[in-house]
Amino acid sequence: MSVLLGPDQAEGLKRIVEQSQSRTRIITITSGKGGVGKSNFALNFAITLANLRDNNNNMYTPKRVVIMDADLGLANINVLIGLIPKANLYHVIKGQKKLQDIVTPTSYGIDLIAGASGLSQLANMDENDRINLIKGILDLNYADYLIIDTAAGVSTNVTQFAAIAHETIIITTPEPTSITDAYGVIKSISLDHGISNPNLKLVVNKSHSQAEAEKVASKIIAISQQFLNVQITPLGFIPDSPIIPSAVRKQIPFTILSPTSPPAQSMEQITRKILNVSPKEFQAESGWKKFLDYLIGEK
Ligand SMILES: Nc1ncnc2c1ncn2[C@@H]1O[C@H](COP(=O)(O)OP(=O)(O)O)[C@@H](O)[C@H]1O
Ligand SMILES: [Mg+2]
Numbered sequence: 012m013s014v015l016l017g018p019d020q021a022e023g024l025k026r027i028v029e030q031s032q033s034r035t036r037i038i039t040i041t042s043g044k045g046g047v048g049k050s051n052f053a054l055n056f057a058i059t060l061a062n063l064r065d066n067n068n069n070m071y072t073p074k075r076v077v078i079m080d081a082d083l084g085l086a087n088i089n090v091l092i093g094l095i096p097k098a099n100l101y102h103v104i105k106g107q108k109k110l111q112d113i114v115t116p117t118s119y120g121i122d123l124i125a126g127a128s129g130l131s132q133l134a135n136m137d138e139n140d141r142i143n144l145i146k147g148i149l150d151l152n153y154a155d156y157l158i159i160d161t162a163a164g165v166s167t168n169v170t171q172f173a174a175i176a177h178e179t180i181i182i183t184t185p186e187p188t189s190i191t192d193a194y195g196v197i198k199s200i201s202l203d204h205g206i207s208n209p210n211l212k213l214v215v216n217k218s219h220s221q222a223e224a225e226k227v228a229s230k231i232i233a234i235s236q237q238f239l240n241v242q243i244t245p246l247g248f249i250p251d252s253p254i255i256p257s258a259v260r261k262q263i264p265f266t267i268l269s270p271t272s273p274p275a276q277s278m279e280q281i282t283r284k285i286l287n288v289s290p291k292e293f294q295a296e297s298g299w300k301k302f303l304d305y306l307i308g309e310k
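For the sequence shown, the numbering used here gives the first residue as 12, with consecutive numbering after it.
Structure (C-alpha cells):
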C-alpha cells in the first residue's frame with residue numbers, strides 16, 4: 012500500500028516546478044475509474060496538439076510534444092502505437108538511465124517516454140527519488156508540452172503528477188461508477204492533498220450524445236463546486252465509437268487512422284479549447300508567424 016502524498020509534499024513539488032525555469036507546459040491526464048479511455052485520450056491529444064493546422068492547412072507554430080506513460084501498473088501507450096522501446100521509466104527509477112536518454116521518437120510527430128508494466132516502485136519511491144524524477148521531467152526543457160498519462164484512482168502516482176501539472180484533465184464516462192470515481196479523484200487532488208488552486212478540466216468520453224455528456228459534466232462540476240469549492244472547466248466530449256477499439260486493435264492512433272471521424276473531430280475541438288484558440292485566431296497567428304519568419308529570413 013503506498014503512502015499518499017501529504018499537502019506539504021504536494022506544495023513542495025509545486026514549488027520545485029515554479030522555481031525550475033522550465034518552459035514546458037505539463038498536462039496530466041487522469042481518472043477515477045480504469046478503462047475510461049485515458050491512454051487513448053492522452054495519446055491522441057498529444058498527436059493532435061503536435062500536428063494542429065490552421066484553416067489554410069498550414070502547421071500552427073511548431074510544438075514539441077512529449078507523452079509520458081506514467082501508469083506503471085498497466086503501461087500501454089507503446090502498445091497503442093506498436094512500438095517496442097529500448098528503455099522505459101523502470102530504468103530511470105532504478106537509476107540506470109537518465110530521463111532524457113529514454114525519450115523515443117514516434118512516427119506521429121511526438122516523442123514517448125515509455126512506462127513499465129507491473130511496476131509499483133513509483134508509488135513506493137521515497138521522497139528523494141520522487142523529487143529526482145520530477146526534476147528530470149523539468150530538465151526535459153526542449154518540450155513545449157509534456158502530456159502525462161497516469162494510473163486511475165487515488166494514489167501518490169496520480170497526485171504527484173497533478174501537483175506538478177499546469178493543468179489536470181479528468182476523464183470520465185457517463186457510467187455512474189465512473190462519475191462517482193471522478194469525484195473521488197477530484198476530492199483527493201484538491202482536498203486531501205491540499206493542492207491549492209488545482210487547474211482541473213473535464214472530458215466526458217464514450218458518450219452517446221452531446222446532451223448526455225453535458226448532463227454528466229454539469230453534475231460533476233456542480234458537486235465539486237458545492238462540496239469541495241473547486242472549479243472544473245468542461246472541455247467537451249468524445250463520442251462512443253467503434254473506431255477507437257478498432258484503432259487500438261490495429262495499433263494506430265484513431266486520429267491518424269480516421270482523421271475525419273467524429274472522435275477525431277472531437278479531439279481537435281478539445282485541443283483547440285485547451286490551447287484557447289479558435290480556428291480564426293489560429294489563422295491570424297499563423298499568418299503573423301509566417302510574416303515574422305519572412306522578416307527574420309527563415310522562409
Ligand atoms: N470513445 C470511445 N468509444 C469506444 N471505445 C472507447 C472509447 N475510448 C476508449 N475506448 C476503449 O476503451 C478501452 C480502454 O481505453 P484506454 O484508453 O486504455 O483506457 P484507460 O487508459 O483509462 O484504462 C479500450 O479498449 C478502448 O478501445
Ligand atoms: Mg491507460
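Beta carbons are placed, not taken as given, at the ideal position from N, Cα and C, and that holds for glycine.
Which residue marks the beginning of the beta strand (DSSP E) containing residue i, and which one marks its end?
{"i": "Glu-178", "result": "178-183"}
{"i": "Val-77", "result": "76-80"}
{"i": "Asp-160", "result": "156-163"}
Check the C-beta distance from residue i over to residue j and give it rounded, since I have them as a contact under 8 Å.
{"i": "Phe-248", "j": "Ala-224", "result": "3 Å"}
{"i": "Gly-126", "j": "Leu-100", "result": "5 Å"}
{"i": "Ile-95", "j": "Val-103", "result": "The pair is not a contact, with the Cβ atoms about 17 Å apart (cut-off 8 Å)."}
{"i": "Thr-161", "j": "Thr-41", "result": "5 Å"}
{"i": "Ala-57", "j": "Ile-142", "result": "Ala-57 to Ile-142, Cβ: 25 Å. No contact."}
{"i": "Ala-53", "j": "Ile-37", "result": "Actually they do not touch by this definition, with Cβ atoms about 12 Å apart."}
Taking only three categories from DSSP, how would you classify residue i?
{"i": "Leu-149", "result": "helix"}
{"i": "Thr-244", "result": "strand"}
{"i": "Val-14", "result": "Legend: pLDDT at Val-14 = 47, less than 50; position of this residue unreliable, no value from coordinates given."}
{"i": "Asn-208", "result": "coil"}
{"i": "Lys-310", "result": "For Lys-310, the predicted model reports a pLDDT of 42, less than 50, meaning its position is unreliable; a value from the coordinates is still stated below. Residue state, collapsed to three classes: coil."}
{"i": "Asp-140", "result": "helix"}
{"i": "Ala-127", "result": "coil"}
{"i": "Gln-237", "result": "helix"}
Give me the DSSP bridge partner(s) of residue i.
{"i": "Pro-116", "result": "Asp-122"}
{"i": "Pro-250", "result": "Ser-218"}
Going by DSSP, what residue range makes up the alpha helix (DSSP H) through residue i?
{"i": "Lys-217", "result": "Segment 211-218 is the beta strand (DSSP E) holding Lys-217; no alpha helix (DSSP H) there."}
{"i": "Gln-276", "result": "273-286"}
{"i": "Ser-189", "result": "187-198"}
{"i": "Ala-224", "result": "221-234"}
{"i": "Gln-171", "result": "167-175"}
{"i": "Leu-268", "result": "265-268"}
Legend entry - alpha helix (DSSP H) segments (min. 4 residues) lying fully within the segment 16-103: 18-30, 49-62, 88-91
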